[in-house]
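Residue numbers (our numbering): 486 to 831.
These notes are about the structure you will find just below.
See below:
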């Protein structure tokens with residue numbers, strides 16, 4: 486039974502992770518060294534959620550009431566990385582079942598396979614992809630809005646997590662994952678771009694990088710320009726109709742005061758700069774007649790360390806009750822590690 490804790494105006498429920506080991510998340514940190522895999526897994530989860538809402542909208546169009554996109558928001562100042570997806574969202578029951586049960590296929594089996602040299606694909610196979618976030622984060626907050634309710638899930642990589650009703654800023658349907666990072670490496674723009682290009686370039690949905698920057702207030706700039714124009718007009722009028730000066734006044738002091746008043750203050754405000762990270766449409770979704778051999782070569786090079794063009798390329802699609810697309814690259818020679826059980830590269 487969950488333990489209820491009073492938390493100001495809202496009820497916070499604490500749950501224990503369902504797993505065969507006492508500290509399953511800590512074990513993931515111990516056994517996996519390729520930390521950048523976390524971003525690929527979270528983007529993959531967001532893409533799956535967008536797929537689900539798309540298929541639901543085919544029979545119930547009102548369900549899809551927002552655009553299908555994924556936002557990545559790095560914040561170096563607060564050392565956080567946020568991912569926002571407009572997928573199905575999760576209910577309280579979904580959070581308990583999906584994020585509260587680690588490695589549904591068996592934590593023990595996962596650990597045994599991992600120690601035996603299994604690759605990063607094991608994360609998805611054993612249902613622990615989401616928890617790869619704890620490779621880089623000391624705390625993870627999930628704020629999610631389903632068409633039914635809105636919940637928040639929080640964990641600091643211990644043996645438990647909490648769930649409460651979210652009373653933050655109103656959000657549309659979807660899920661926001663906030664990573665409070667251990668190090669600032671993945672809160673930097675350059676690092677995020679590199680990982681997305683390497684692991685998520687072919688995601689079927691738009692991925693945008695949102696950067697918060699300081700910029701001049703356009704409205705204020707317009708006011709300053711207008712004021713300057715009016716001043717020029719006043720100066721011109723003064724030339725045509727000179728005013729009689731009061732000899733008894735202190736002209737120098739008045740002039741200095743006027744300069745202080747006229748000097749506009751620089752006003753800064755926060756602006757969001759958006760950049761599309763996966764501009765290239767996945768090559769296997771395009772018509773093979775429209776793709777050049779050079780494009781095939783460049784795509785293969787982006788995936789493999791081998792820089793030479795493939796010996797042959799097979800690209801075809803089958804349409805029926807199920808649609809199938811396949812892109813096969815045949816190398817010039819057999820890879821050296823093809824028959825090795827423990828490969829050097831992950």
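C-beta: ideal position from N, C-alpha, C; glycine also.
Query raised in the report: Do you know whose CA, among 691, 584 and 766, lies nearest residue 554's CA?
Result: Against the chain shown, residue 554 aligns to sequence position 69. It is 691 whose Cα lies nearest to the Cα of residue 554.
Requested in this report: Confirm, please, whether the CB-CB distance from residue 580 to residue 636 is below 9 Å.
Outcome: Within the chain shown, the letter at position 151 stands for residue 636. Within the chain shown, the letter at position 95 stands for residue 580. For residue 636 and residue 580, yes; Cβs fall inside 9 Å.
Report task. Using 10 angstroms around the beta-carbon of residue 552, count the other beta-carbons present and answer buried if the total reaches 16, otherwise exposed. Result -> Taking the first residue of the chain shown as 1, we reach residue 552 at position 67. Label assigned to residue 552: exposed.
Query raised in the report: Nearest-angstrom Cα distance between residue 525 and residue 532?
Result: Counted from its first residue, the chain shown places residue 525 at position 40. Counted from its first residue, the chain shown places residue 532 at position 47. Rounded to the nearest angstrom, the two C-alpha atoms are 10 Å apart.
Query raised in the report: Exposed or buried, residue 540, counting other C-beta atoms within 10 Å across all chains shown (16 or more means buried)?
Result: Here residue 540 corresponds to residue number 55 of the chain shown, with the count starting at 1. The residue in question, residue 540, is exposed, as its Cβ has fewer than 16 Cβ neighbours within 10 Å.
Query raised in the report: Per DSSP, what kind of secondary structure is residue 525 in: helix, strand or coil?
Result: If you number the chain shown from 1, residue 525 lands on position 40. If DSSP states are grouped into helix, strand and coil, residue 525 belongs with the helices.
**Report entry** Which of helix, strand or coil DSSP assigns to residue 675
**Finding:** The residue labelled residue 675 in the question sits at position 190 within the chain shown. Three-state DSSP puts residue 675 in a helix.
Report task. Compute the Euclidean distance between the alpha carbons of residue 697 and residue 796, then round it to the nearest angstrom. Result -> Locating residue 697 in the chain shown gives position 212, counting from the first residue. Locating residue 796 in the chain shown gives position 311, counting from the first residue. The alpha-carbon atoms of residue 697 and residue 796 are separated by roughly 46 Å.
Query - Proximity of residue 574 and residue 629 at Cβ, strictly below 9 Å - result: Position 89 of the chain shown, counting from 1, holds the residue named residue 574. Position 144 of the chain shown, counting from 1, holds the residue named residue 629. Yes, Cβ-Cβ distance for residue 574 and residue 629 is below 9 Å.
**Report entry** Buried/exposed call for residue 815, threshold 16 Cβ in 10 Å
**Finding:** Reading the chain shown from its first residue, position 330 is the one you call residue 815. The residue in question, residue 815, is exposed, as its Cβ has fewer than 16 Cβ neighbours within 10 Å.
Query raised in the report: What beta strand (DSSP E) runs, 3 residues minimum, are completely inside the segment 630 to 697?
Result: 635 to 640, 645 to 650 and 659 to 666
Query raised in the report: Relative to the ligand COA, is the shortest distance from any of its heavy atoms to the C-beta of residue 758 smaller than 8 Å?
Result: Only the bare structure without any ligand can be found here, which leaves the ligand COA out of the picture.
Query raised in the report: In chain order, what residues of the same chain lie with their CB nearer than 6 Å to the CB of residue 800, ignoring the 5 residues before and after it?
Result: Against the chain shown, residue 800 aligns to sequence position 315. Same-chain partners within the cutoff: 773 and 812.
Query raised in the report: Between the segment 563 to 570 and the segment 657 to 675, do three or more beta carbon pairs fall short of 8 Å?
Result: yes
Report task. Can you have a look at residue 818 and say buried or exposed, based on whether 16 or more other CB atoms are within 10 angstroms of its CB? Result -> The sequence position of residue 818 within the chain shown is 333, counting from 1. Classification for residue 818: exposed.
Query - Cα-Cα separation, residue 544 to residue 576 - result: Mapped onto the chain shown, residue 544 falls at position 59. Mapped onto the chain shown, residue 576 falls at position 91. Rounded to whole angstroms, residue 544 to residue 576 spans 21 Å at the Cα level.
Query raised in the report: Got a sec? Which residues, its chain only, sit under 6 Å from residue 809 by beta carbon, not counting five neighbours each side?
Result: Along the chain shown, one-based indexing puts residue 809 at 324. Hits under 6 Å: 803.
Report task. Can you tell me which of 768, 652, 513 and 685 puts its alpha carbon nearest to the alpha carbon of residue 634? Result -> Here residue 634 is taken as the residue at index 149 of the chain shown, counted from 1. Ranking 768, 652, 513 and 685 by Cα distance to residue 634 puts 652 first.
Requested in this report: Could you check the C-alpha separation between residue 642 and residue 542 for me, to the nearest Å?
Outcome: For the purposes of this step, residue 642 is taken as the residue at position 157 of the chain shown. For the purposes of this step, residue 542 is taken as the residue at position 57 of the chain shown. Spanning the two alpha carbons is a distance of roughly 35 Å.
Query raised in the report: Are residue 621 and residue 520 closer than 9 Å when you measure CB to CB?
Result: Taking the chain shown and counting its residues from 1, the one referred to as residue 621 is at position 136. Taking the chain shown and counting its residues from 1, the one referred to as residue 520 is at position 35. Contact flag set, yes.
**Report entry** residue 587 versus residue 806: straight-line alpha-carbon distance, rounded
**Finding:** Taking the first residue of the chain shown as 1, we reach residue 587 at position 102. Taking the first residue of the chain shown as 1, we reach residue 806 at position 321. So the alpha carbons of these two residues sit roughly 34 Å apart.
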